[in-house]
Structure formats: structure tokens, C-alpha cells
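What follows is a single structure, written as C-alpha cells, with notes after it.
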Amino acid sequence: MLSDKILEAKADENPIKEIRFENETITEMDMTKVDFESVQFIKCRFIACDFTGAAFYHVTLENCDISNCIFSKSYWKNAEIRDCKADGSKFNQTVFKEVRLVGSSFPYANCVNTIWENCTIKECNFKEAFLSEVKFKKISLSKVDFTKVDFFKTPLKGIDLTECTIDGIMVSDTHTELRGAKVNMIQALDIAQLLGVRVI
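In our numbering, the protein residues as written are 118 to 317.
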């Protein structure tokens with residue numbers, strides 16, 4: 118059913134609206150510039166699909182697998198990604214506004230040049246993801262694993278990282294990204310080592 122709806126939307130240039138998709142598997146489908154409004158995706162699997170330039174308004178993805186899919190230049194507003202797997206997916210140049218990510222996995226994801234505004238990320242895994250040149254505006258982070266994440270040219274000023282794992286994060290040689298970030302005592306010791314400071 119989902120594949121038929123997408124083909125119709127591509128042909129008519131109309132959004133896919135107010136519908137629930139469950140237990141669907143879609144492979145290598147072109148969903149570029151398709152708009153989704155008030156749509157629920159439950160236990161769906163997308164294999165090598167291309168969502169470049171797609172828009173997601175009031176959309177929920179729950180227990181879905183979107184690993185290695187392309188979401189470049191997509192737009193998300195009032196959406197939620199819950200208990201999903203997005204390993205290696207591409208979100209570069211995407212805009213997230215009032216989006217919640219909960220209990221989801223994004224290791225190795227490409228989030229370069231993304232904008233996050235009024236978003237919540239809770240209990241998510243971003244290990245070794247690419248978050249360089251990102252703009253965070255009013256973001257809430259809770260128990261997020263940022264181990265070995267690339268934050269190159271991403272200002273972290275005012276962002277509370279105290280409940281997050283930031284082991285081995287990568288920043289520029291000047292470390293300006295870390296200026297004004299909120300960290301706990303243990304994290305401060307790790308950052309001191311990153312700065313070349315010896316704590317005795």
C-alpha cells in the first residue's frame with residue numbers, strides 16, 4: 118500500500134496525508150520531495166530508499182528501520198522518531214523543528230550542516246556520527262551517546278551535555294566548539310585531556 122501511495126504522490130505532486138502504515142518493507146524507492154503530513158509509520162523497514170528533499174509534518178516513526186537511507190535536505194516539523202534504527206543514514210542539510218528523537222540508534226549517521234530548533238533527543242545512540250557545522254537552537258539532550266562524534270565547527274555554547282557520553286569527541290584544533298558548553302566534573306577531566314591539560 119505504501120509503495121502505491123508514494124507513486125501516486127510523485128505523479129500528482131500531492132502530499133501523503135492522515136494515514137497509518139504498519140509492517141511495510143520498501144526497497145530502493147525514490148521518495149524525493151514527497152511530503153508526508155500526519156502520517157504514522159509503525160514497524161516499517163526502508164532499504165536503501167531516497168527521501169532527499171522530502172518533508173515530514175506531524176509524522177511519527179516507531180520501531181522502524183531507516184538505516185542507510187538518504188534524507189538529505191529534508192524538512193521535519195512536529196515529528197517523532199521513536200525506537201528506530203537509522204545506522205549510517207544521511208541527514209545532511211536537513212532542518213529539524215520541534216522534533217523528538219527517543220530511544221533510537223544513529224551511529225555513523227551523516228548530520229552535517231543540519232539545523233535543530235526546539236528539539237529533544239533522549240536515550241539515543243549517535244556513536245561516531247558526523248555532526249559538523251551544525252546549528253543547535255534550544256535543544257534538550259538526555260542520555261545521548263556522542264562517543265567519537267565529529268563536532269567540527271559546531272558551536273556547543275549553552276548546550277547541556279551533563280547527561281550525555283562525550284568520550285573521544287572530535288573538534289577543531291582551537292577547540293572553540295566547546296566554549297560555553299555545560300559539562301559535569303568527569304567530562305571536564307576528559308575535555309582537559311583533549312586540551313592537553315594534565316590534571317594532577
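The beta carbon of each residue, even a glycine, is placed where N, CA and C say it ideally should be.
Query: Whole angstroms is fine: what's the gap from S289's alpha carbon to L312's?; Result: 11 Å
Query: In whole angstroms, what separates the C-alpha of S184 from that of T142?; Result: 13 Å
Query: Please classify I187 as buried or exposed, where buried requires at least 16 other C-beta atoms within 10 Å of its C-beta.; Result: buried
Query: Determine the DSSP secondary structure at Q310, reduced to helix, strand or coil.; Result: helix
Query: Are S257 and T237 touching if we call contact CB-CB under 8 Å?; Result: yes
Query: Quick check on DSSP: helix, strand or coil for E294?; Result: helix
Query: I need the DSSP call for Q157, collapsed to helix, strand or coil.; Result: strand
Query: Please go through the same chain and pick out, in chain order, the residues whose beta-carbon is closer than 7 Å to the beta-carbon of D267, but skip the five residues on each side of it.; Result: F247, L248, S249 and M287
Query: Going straight from the alpha carbon of K244 to that of A196, what length do you get?; Result: 22 Å
Query: Counting C-beta neighbours from all protein chains within 10 Å, is the total for A165 16 or more, i.e. buried, or is it exposed?; Result: exposed
Query: Find out if the Cβ-Cβ distance for the pair W193, F213 is shorter than 8 Å.; Result: yes
Query: Suppose contacts are defined by Cβ-Cβ distances below 8 Å. Is N209 in contact with C181 by that definition?; Result: no
Query: Measure from the alpha carbon of L124 to the alpha carbon of each residue in R137, K150 and N140, then state which is nearest.; Result: K150
Query: Can you give me the C-alpha to C-alpha distance between K274 and V251, rounded to a whole angstrom?; Result: 12 Å
Query: What are the partner residues of I198, as DSSP defines its beta bridges?; Result: L178 and L218
Query: Around the C-beta of K59, are 16 or more other C-beta atoms found within 10 angstroms, so that it is buried, or is it exposed?; Result: Absent from the structure is residue 59, since the part of the chain shown begins at 118 and ends at 317.
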